[in-house]
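Report on the structure given below.
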Amino acid sequence: MRLQGKRAFVTAAGQGIGRASAEALAREGAHVIATDLKGDLLAGLDVAETFALNALDKAALMEAVTVAQPDILVNCTGVVHAGTIMDANDAEFDFAMNLNVRAHFHSIQAALPGMLERGHGAIVNIASVCSNLRGLPNRFIYGTSKAATIGLTKQVAADYITRGIRCNCIAPGTVDSPSLHERLRATGDYDAAMKAFVARQPMGRLGEAQEIADLVVYLSSDESRYMTGQCVAIDGGMTL
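When you number the sequence shown by our numbering, it's gap-free, plus one each residue, and the end is 486.
Okay, structure coming up:
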């Protein structure tokens, strides 16, 4: 198993990419600490430890990460806001930046001292193809925040490249997940919205959470030890 003896901390692990990633890391031998705002979503998750955690509570998040002493940190927290810049307001912008970026900043800041002391660490942030990689209609706040996630990733990688710490991020296209289905239902026409989302994927299908999780495992393992500061698009060809 590729991650035997490693400790991994995963945020937003209750469903979707976060849950698939936590399970994939555990299957590869990692001692996985899986957290989510909604603790009930963690039920049935086959990992070493689970507990409810509000990633927007800086003190609680940093304490949890510090206690966990992870060799692997996977930041999956995120929220998707719909609309253009003319639809945006400060409250929604602040919330997205706090959950999509600031929570990553705090968890990394808490994980780094232990990683530096041990001389190794792998950090994986979940960004999006909707970022500086590609603009998508009606995703102003989301795309802006995910572009910031990519910038954060590269800065951390640059600062600690000589200290055994690697920081990479993943930019998924549209992935089949509970949160996606919630957004589709919120449009008022689920079927039409699903057709539109599938149509923008050149492969003609949505991504699967497990496909993203497989990449999380790779970026967390020594197989990617020569790789840092990268944003890997796994998007069904959206960025072609």
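Beta carbons: idealized from backbone N, C-alpha and C, even for Gly.
> residue 311 by DSSP, collapsed to three states: which one?
Replying inline: Residue 311 falls in the helix class under three-state DSSP.
> For residue 285, does the count of other Cβ atoms within 10 angstroms reach 16, so buried, or fall short, so exposed?
Replying inline: Under this definition residue 285 is an exposed residue.
> Going by the CB atoms, is the gap between residue 415 and residue 395 shorter than 8 Å?
Replying inline: Against a cut-off of 8 Å, the Cβ pair of residue 415 and residue 395 comes out as a contact.
> Using the C-alpha atoms, what's the distance from residue 472 back to residue 436?
Replying inline: Their backbone Cα atoms lie some 43 Å apart in a straight line.
> Which runs of the alpha helix (DSSP H), 4 residues or longer, sit entirely within the region 389-475?
Replying inline: Counting only runs of 4 or more, we get 424-432, 436-445 and 455-466.
> From the DSSP output, which residues share a beta bridge with residue 277?
Replying inline: Paired residue(s): 253.
>> Among the candidates 291, 296, 468 and 454, whose CA atom is the shortest distance from the CA of residue 426?
In response: Of the listed residues, the one whose Cα sits closest to residue 426 is 454.
> First and last residue of the alpha helix (DSSP H) that includes residue 354?
Replying inline: Its alpha helix (DSSP H) spans residues 349-364.
> Are the CB atoms of residue 323 and residue 258 nearer to each other than 8 Å?
Replying inline: Going by C-beta atoms, residue 323 is nearer than 8 Å to residue 258.
> Does the count of Cβ pairs from the region 254-268 and the region 280-296 closer than 8 Å reach three?
Replying inline: Verdict: yes, contact present.
> Name the DSSP beta bridge partners of residue 372, please?
Replying inline: DSSP lists 416 as partners of residue 372.
> What span of residues does the beta strand (DSSP E) with residue 337 cover, start to end?
Replying inline: No beta strand (DSSP E) contains residue 337, which is instead part of the alpha helix (DSSP H) from 336-343.
> If you draw a straight line from the alpha carbon of residue 487 to that of residue 294, how long is it in whole angstroms?
Replying inline: Nothing about residue 487 can be reported from this structure: the residues present for the chain run from 247 to 486 only.
>> If I measure Cβ to Cβ from residue 326 and keep anything under 8 Å in the same chain, skipping five residues before and after, which residues do I get?
In response: Same-chain partners within the cutoff: 385, 388, 425 and 429.
>> Classify residue 335: buried if its beta carbon has 16 or more other beta carbons within 10 angstroms, exposed otherwise.
In response: Around the Cβ of residue 335, a 10 Å sphere holds fewer than 16 other Cβ atoms; the residue is exposed.
> Counting Cβ pairs closer than 8 Å, one from the region 395-414 and one from the region 358-369, do we hit at least three?
Replying inline: Touching, per the Cβ criterion.
> In angstroms, rounded to a whole number, what distance separates the CA positions of residue 340 and residue 321?
Replying inline: For the pair residue 340 and residue 321, the Cα-to-Cα distance works out to about 18 Å.
>> Using a 10 Å radius around the Cβ and a threshold of 16 neighbouring Cβ atoms, would you call residue 372 buried or exposed?
In response: By the neighbour-count rule (16 or more Cβ atoms within 10 Å), residue 372 is buried.
> By how many angstroms is the C-alpha of residue 440 removed from the C-alpha of residue 434?
Replying inline: Between the alpha carbons of residue 434 and residue 440 lies a distance of about 11 Å.
>> Which residue marks the beginning of the beta strand (DSSP E) containing residue 296, and which one marks its end?
In response: Segment 295-298, the beta strand (DSSP E) holding residue 296.
> According to the neighbour-count rule (16 or more other Cβ atoms, all chains shown, within 10 Å of its Cβ), is residue 269 buried or exposed?
Replying inline: Residue 269 comes out buried.
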